[in-house]
Every structure is written in C-alpha cells, then in structure tokens.
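Notes to accompany the following structure.
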Amino acid sequence: MNTPQIDSLHMQIALDASCISCNHLGVAADRDEDGRERNKRATRRALRAATLELASQRGLDDVPIEEIARRAGVSTRTFFNYFDTKEDAALLELFVIDEADLSEFATTANPGGAWRDLSRLFVADVARAERSDGQDLPRYLQLHARHPVLAARQMGRFAMFLGRLTEAIAERLGGTPPTRLRAEVMAGSCLTAVRVGLDQWTALQGRTPAARWVAAAFAEFEGAFGDGPSRP
Numbered sequence: 007m008n009t010p011q012i013d014s015l016h017m018q019i020a021l022d023a024s025c026i027s028c029n030h031l032g033v034a035a036d037r038d039e040d041g042r043e044r045n046k047r048a049t050r051r052a053l054r055a056a057t058l059e060l061a062s063q064r065g066l067d068d069v070p071i072e073e074i075a076r077r078a079g080v081s082t083r084t085f086f087n088y089f090d091t092k093e094d095a096a097l098l099e100l101f102v103i104d105e106a107d108l109s110e111f112a113t114t115a116n117p118g119g120a121w122r123d124l125s126r127l128f129v130a131d132v133a134r135a136e137r138s139d140g141q142d143l144p145r146y147l148q149l150h151a152r153h154p155v156l157a158a159r160q161m162g163r164f165a166m167f168l169g170r171l172t173e174a175i176a177e178r179l180g181g182t183p184p185t186r187l188r189a190e191v192m193a194g195s196c197l198t199a200v201r202v203g204l205d206q207w208t209a210l211q212g213r214t215p216a217a218r219w220v221a222a223a224f225a226e227f228e229g230a231f232g233d234g235p236s237r238p
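In our numbering, the protein residues as written are 7 to 238.
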C-alpha cells in the first residue's frame, strides 16, 4: 500500500493540532512543571515501559506485578499508587483530552465548525501519545492484538470517554433531539477515525507521523459532518 498524498486540509489539521498539543501538553507544560510532577510522570512512564517490555517477551498473564515494579526500579506499593492492575499499565494513553478543552469546545458558538475542531483535538491527542510513547506505540497495539482482555479493557475506557464526548458535542450543536442523534454519530466517528488512522500507521510501520494518518481519517468524514447540524 502506498502512502496517500496528504492534502492541505489534512496537513493544516495536523499542524494546528501539533501547536495545540505543544501549548497544552508539551514544551510549555514541561517548563512550568515542578520537580515532583516530573518525577511522577517519569515513574509512570517507567512502569508502563516495564509492563510493555515484560509482557511482550512472555505474555501479560505470566508477568507478576512485583517483577514489573523491580524492572521499573520502584516498590510494589508504588506501582499501586499509579495503577490498579497490570492490565491498566498496559493500556494506550489515548483520549487524554482535558475537561477544560471539552468545555471550551462545547461552548463555542459555531456548530458548523464542530468537526474540524474535533479533528484538531484528537489529532493533538495522538501527537501527544506518539511523543510520549515514541516507538513503543505500535508495540502497545501489537500487545493488545495478542491479549483480548486488554482490547476489551481499552474499549471499556474508551466507552467511558465516549459519553463525555457525546455530551460536549450535543451541547455544541444545540442540545435538541435531532442534534443529539448527530452528536452520538459524530462521537462514535471520532473513535473510528483514530482507530483507522492508527491501523494504517501501524501497517506502514510508522514511516510517517501517526497524527497525519489520523488527520486524514478525520478528513474522510468532512463531507458528512462539515456543514453543521442536520435537520431530519
């Protein structure tokens, strides 16, 4: 399969999202973050990396939490300060969209621009995940493919987020019964666009940024959702 040409809309969404992501979760945040928060983030990353490494080698079922903690250089008690189970430590950290960002999206008085704004939010989130997990992101996807329990747990977490997202979209579109239906379809389509974009990126072994593929997937829905709320 050849890499498709990314048109100006795809590229602009990806570039805009990268700027949003940097402002909210990237360099600026690092500058303002105190030492304690940096240490907490580093410990979380170390625990996730240890879980991924050991589970990829032997399978998650055969890896005790105590070994994950040792590999990360922390105590078992510290592990439970960050995760309830080892399965939680092996989940993708996607859809980490701030409540403030969802609230801002919901209260913006421009229903017709909702899909483009959603594209920016989700592409920024994927760009953040790609920066955070780097080359490990496709390994997480492969691990989930090998362990259905992880895929099911991940979908459960996504479903919880889906409810919040649907409410935000419904508010943006006006909160009427017809727009509620559209909001639910749009919310589900957001998750589909992220999944398909990541699938395409993984199939090409990450030769281009994942955010570009997700932007391209979102753009495929532009004809359906780009003109504002429908009127049944």
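Note that CB positions come from ideal geometry on N, CA and C, so glycine has one too.
At the level of alpha carbons, what is the spacing between E228 and M161?
Rounded to the nearest angstrom, the two C-alpha atoms are 25 angstroms apart.
Since I believe T208 is in contact with A193 (beta carbons under 8 angstroms), could you give me their beta-carbon distance rounded to a whole number of angstroms?
The Cβ separation is near 23 angstroms, so there is no contact.
Could you give the residue range of the alpha helix (DSSP H) that holds F86?
F86 -> alpha helix (DSSP H) spans T82 to Y88.
By how many angstroms is the C-alpha of E72 removed from the C-alpha of N179?
It is worth fixing the name first, because residue 179 is Leu in this sequence and not Asn. L179 and E72: Cα-Cα distance of roughly 49 angstroms.
State buried or exposed for S125, treating a residue as buried only when at least 16 other CB atoms are found within 10 Å of its CB.
It is buried - the Cβ of S125 has at least 16 other Cβ atoms within 10 Å.
Using DSSP with H/G/I as helix, E/B as strand and the rest coil, what is I175?
I175: helix per DSSP, three-state reduction.
Looking at the structure shown, is T6 part of a helix, part of a strand, or coil, going by DSSP?
Because the chain here runs from 7 to 238, residue 6 falls outside it and cannot be looked at.
How big is the Cα-Cα spacing for A151 and P70?
Roughly 20 angstroms between the two C-alpha positions.
Collapsed DSSP secondary structure at T214 in the structure displayed:
Looking at T214 - three-state DSSP - the assignment turns out to be coil, as it is neither helix nor strand.
What residue range is occupied by the uninterrupted alpha helix (DSSP H) comprising Q41?
Per the sequence presented here, residue 41 reads as Gly, with Gln not at that position. In this chain, the alpha helix (DSSP H) harbouring G41 covers G41 to R64.
Can V220 and V129 be called in contact, C-beta distance under 8 angstroms?
The answer is yes: Cβ separation under 8 angstroms.
Whole-angstrom distance between S81 and D90, CA atom to CA atom
D90 and S81 have their C-alpha atoms spaced approximately 14 angstroms apart.
Looking at the unbroken alpha helix (DSSP H) that takes in I74, where does it start and where does it end?
Per DSSP, I74 belongs to the alpha helix (DSSP H) from I71 to A78.
Which residue from A133, A165 and A189 puts its Cα closest to that of T214?
For the residues A133, A165 and A189, the minimum Cα distance to T214 belongs to A133.
Exposed or buried, what is F224 when buried is set at 16 or more other beta-carbons lying within 10 Å of its beta-carbon?
It is buried - the Cβ of F224 has at least 16 other Cβ atoms within 10 Å.
State buried or exposed for F231, treating a residue as buried only when at least 16 other CB atoms are found within 10 Å of its CB.
Label assigned to F231: buried.
If contact is defined by three or more beta carbon pairs under 8 angstroms, each pair taking one atom from either stretch, is the stretch 59–69 in contact with the stretch 135–154?
Here the stretch 135–154 lies against the stretch 59–69, with 3 or more beta-carbon pairs under 8 angstroms apart.
Classify D123 as helix, strand or coil using the three-state DSSP reduction.
If DSSP states are grouped into helix, strand and coil, D123 belongs with the helices.
Local Cβ density within 10 Å of T57, reported as buried at 16 or more and exposed below that:
Buried is the call here.
For L156 and F85, the rounded distance between their alpha carbons:
CA-CA distance, F85 to L156, rounds to 18 angstroms.
Can you give the Cα-Cα distance for E190 and R170, rounded to whole angstroms?
Straight-line Cα distance between these residues: approximately 11 angstroms.
Terminal residues of the continuous alpha helix (DSSP H) containing A96?
Per DSSP, A96 belongs to no alpha helix (DSSP H) and is neither H nor E.
Using the rule of at least 16 other Cβ atoms within 10 Å of the residue's Cβ for burial, across every protein chain shown, is D131 buried or exposed?
With 16 or more Cβ atoms within 10 Å of its Cβ, D131 is classed as buried.
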